[in-house]
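Q:
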């Protein structure tokens, strides 16, 4: 296929890297027209991008347009535009990366900085030190018919600007020798809800359908982290939650290069891992992190930044997750920022309909996991998430794994439906069905974790 040839435009990447280290990439001037229909104009030296969005004034959030109503979305593989992927193994200075040391000390930091400054947003330094506290608020030692102990743990963060808190749920096997490996999940379900109690008719499952009993039976602790504890789902104000703790004096909104929603979720995942490091019954060096859809995007960004996570699993994460931007198949950057303008940082807006000018693509995000294992899961009917683009991203990331002595995906051709690849550092499956997490997915995730976290 001609669509994904890698081109080494070193001068472009060098210039973009210089710009990425500044707060201002000419996108700070944002105008909101506060009427029922608002226009967001993003001005910069090279582009004028105008987004039309619907403002819901009585709630202060953006209305979500049903994606089924879109009539300008491409799902046809024959209509994928020609594109050249930015090079993984060429530095900003134009040098070819041929050693693990070059990757580790030069190229990896460059790629991480570009994602931080241009896509997800960097976490600023808090003006006042943040004090954290953890408190076990409840314990049930006979959860899952006595197989596990459940603990609800409150993590609180506080400084002179205010406070925020998370409630994580921890399930630890009762009859497995400690410390045990951990499966952590970014959760759409509120950890304060009944969803995390035992299902009355389905033994081994929670009310939300998660097969926690199967993880416990395989010797894993299971941890749930609620994605809206620190930032709301489609925050457009950032006047509550974790962001306000990081505002400088007089600041009331993140700068163009500062963190959006996905970065805040990632920050929370890292703080949950901080807490796990204080426990004796779990092995914080063997934590697999998983997320689905939006939270698959957040999972990849969490683990890319924090190398303490031993393994990452992306389930149908699509745009801004595992799928390649340049394919423009299914959800695109334009669709994302129209519905969810602040999932990413504002610097990402300049690349709407200009994806070829991005100095990164998502194969580079997956490569930031290397040499740690990463697994990408797709649904063949989940065309919004571009399953083909997810596979190609994992395939192209594999060149870094090979450089580091690990096996990745060998073929540009994705595996048949329901035939998982779990025996290497880059794993993948595409199953039948659409946008959900099914029994098949859970089982393959456990198989992949078993292979890497239980085999030294």
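In our numbering, the protein residues as written are 17 to 472.
Virtual Cβ for every residue (Gly too), placed ideally from N, Cα, C.
1. Along the chain, where does the alpha helix (DSSP H) that runs through residue 181 open and close?
2. DSSP has residue 330 in a bridge; who is on the other side?
3. Relative to the alpha-carbon of residue 300, which residue among 416, 87, 127 and 200 has its alpha-carbon at the smallest distance?
4. Are the CB atoms of residue 437 and residue 444 nearer to each other than 8 Å?
5. Select from 388, 415, 386 and 378 the residue whose C-alpha is nearest the C-alpha of residue 402.
6. Can you name, in chain order, every residue of its own chain whose Cβ lies under 7 Å from the Cβ of residue 373, other than the five neighbours on each side?
7. Going by the beta-carbon positions, is the gap between residue 360 and residue 305 smaller than 8 Å?
8. On the premise that residue 397 lies in contact with residue 450, defined as a C-beta separation below 8 Å, what is that separation, rounded to the nearest angstrom?
9. Over what stretch of residues does the beta strand (DSSP E) that includes residue 242 continue unbroken?
10. Whose C-alpha, out of 175, 460 and 273, is nearest the C-alpha of residue 260?
11. Would the beta-carbon of residue 442 fall within 8 Å of that of residue 414?
12. At the level of alpha carbons, what is the spacing between residue 243 and residue 184?
13. Just mark residue 347 as buried or exposed, buried being the case when its beta carbon has 16 or more other beta carbons within 10 Å.
14. Classify residue 152 as buried or exposed, calling it buried when 16 or more other Cβ atoms lie within 10 Å of its own Cβ.
15. On the criterion of 16 or more Cβ atoms from any shown chain inside 10 Å, does residue 363 qualify as buried, or is it exposed?
16. Rounded to the nearest angstrom, how far is the Cβ of residue 245 from that of residue 289, given a contact under 8 Å?
17. Using the beta-carbon count (16 or more within 10 Å), is residue 209 buried or exposed?
18. Note down, in chain order, each residue of its chain lying with its Cβ closer than 6 Å to the Cβ of residue 224, except the 5 sequence neighbours on either side.
19. Helix, strand or coil for residue 168? Go by DSSP, reduced to three states.
20. State yes or no: is the C-beta of residue 196 within less than 8 Å of the C-beta of residue 298?
21. Does the Cβ-Cβ distance between residue 158 and residue 189 come in under 8 Å?
22. Which stretch, first to last residue, makes up the beta strand (DSSP E) that contains residue 156?
23. Within its chain, find whatever has a CB closer than 6 Å to the CB of residue 240; leave out the 5 residues flanking it on each side and keep chain order.
24. What runs of the beta strand (DSSP E), each 3 residues or longer, lie entirely inside the region 260-317?
25. Give me the DSSP bridge partner(s) of residue 2.
26. Report the three-state DSSP secondary structure of residue 463 (helix, strand or coil).
27. Distance check for residue 416 and residue 104, CA to CA, integer angstroms please.
28. Which residue's Cα is closest to the Cα of residue 406: 350, 309, 327 and 355?
29. If we count Cβ pairs, one from each stretch, closer than 8 Å, do we get three or more for the region 451-470 versus the region 420-427?
30. Output the distance between the C-alpha atoms of residue 338 and residue 393, rounded to the nearest integer angstrom.
31. Using only the alpha-carbon positions, how far apart do residue 143 and residue 216 sit?
A: According to the data block:
1. Counting from 1 along the chain shown, the entry for residue 181 is found at position 165. Note, residue 181: premise wrong, no alpha helix (DSSP H); beta strand (DSSP E) at 178-189.
2. For the purposes of this step, residue 330 is taken as the residue at position 314 of the chain shown. For residue 330, which the question treats as bridged, DSSP gives the partners 307 and 392.
3. Here residue 300 refers to the residue found at position 284 when the chain shown is read from its first residue. When each option's Cα is compared against that of residue 300, the closest is 200.
4. Along the chain shown, read from residue 1 onward, the residue named residue 437 stands at position 421. Along the chain shown, read from residue 1 onward, the residue named residue 444 stands at position 428. Yes. Within cutoff.
5. For this step, residue 402 is matched to residue 386 along the chain shown. Measuring from the Cα of residue 402, the nearest candidate turns out to be 378.
6. By one-based count along the chain shown, residue 373 stands at place 357. Taken in chain order, the residues that qualify are 367.
7. Here the question's residue 360 lines up with position 344 in the chain shown. Here the question's residue 305 lines up with position 289 in the chain shown. Cβ atoms of residue 360 and residue 305: not closer than 8 Å.
8. By one-based count along the chain shown, residue 450 stands at place 434. By one-based count along the chain shown, residue 397 stands at place 381. Confirmed, about 4 Å.
9. Here residue 242 corresponds to residue number 226 of the chain shown, with the count starting at 1. Its beta strand (DSSP E) spans residues 237-242.
10. As a working note, residue 260 is residue 244 in the chain shown. When each option's Cα is compared against that of residue 260, the closest is 175.
11. For this step, residue 442 is matched to residue 426 along the chain shown. For this step, residue 414 is matched to residue 398 along the chain shown. Cβ atoms of residue 442 and residue 414: closer than 8 Å.
12. By one-based count along the chain shown, residue 243 stands at place 227. By one-based count along the chain shown, residue 184 stands at place 168. Near 10 Å, if we compare the C-alpha coordinates of residue 184 and residue 243.
13. Residue mapping note: residue 347 aligns to position 331 of the chain shown, counting from 1. Buried, by the Cβ-count rule.
14. To locate residue 152, count along the chain shown from 1; it is residue 136. Exposed.
15. For the purposes of this step, residue 363 is taken as residue 347 along the chain shown, with counting starting at 1. Buried.
16. Residue numbering aside, residue 245 sits at position 229 when the chain shown is read from its first letter. Residue numbering aside, residue 289 sits at position 273 when the chain shown is read from its first letter. Not confirmed; about 15 Å, so no contact.
17. Taking the chain shown and counting its residues from 1, the one referred to as residue 209 is at position 193. Label assigned to residue 209: exposed.
18. As a first step, residue 224 must be located in the chain shown, where it is residue number 208. If we look at residue 224 and ignore the five residues flanking it on each side, its Cβ neighbours are 205 and 211.
19. The count along the chain shown starts at 1 and reaches residue 168 at position 152. Three-state DSSP puts residue 168 in a strand.
20. As a position in the chain shown, residue 196 is number 180, starting the count at 1. As a position in the chain shown, residue 298 is number 282, starting the count at 1. Yes, the pair counts as a contact, with Cβ atoms nearer than the cut-off.
21. As a first step, residue 158 is located in the chain shown; it is residue number 142 there, counting from the start. As a first step, residue 189 is located in the chain shown; it is residue number 173 there, counting from the start. No; because the gap between Cβ atoms is not below 8 Å, this pair is not in contact.
22. Residue mapping note: residue 156 aligns to position 140 of the chain shown, counting from 1. That run of the beta strand (DSSP E) goes 147-158.
23. Your numbering for residue 240 matches position 224 in the chain shown. Closer than 6 Å at the Cβ level, and outside the excluded window around residue 240, lie 185, 201, 203 and 207.
24. 298-308
25. This structure gives no information on residue 2, because the portion of the chain shown stretches from 17 to 472.
26. Position 447 of the chain shown holds residue 463. DSSP places residue 463 in helix when its eight states are reduced to three.
27. On the chain shown, residue 104 is found 88 positions in, with the first residue counted as 1. On the chain shown, residue 416 is found 400 positions in, with the first residue counted as 1. Cα-Cα distance, rounded: 8 Å.
28. On the chain shown, residue 406 is found 390 positions in, with the first residue counted as 1. Nearest C-alpha to residue 406: 309.
29. no
30. In the chain shown, residue 338 corresponds to position 322, counting from 1. In the chain shown, residue 393 corresponds to position 377, counting from 1. Rounded to whole angstroms, residue 338 to residue 393 spans 9 Å at the Cα level.
31. Counting from 1 along the chain shown, the entry for residue 143 is found at position 127. Counting from 1 along the chain shown, the entry for residue 216 is found at position 200. When rounded, the distance between both Cα atoms is 48 Å.
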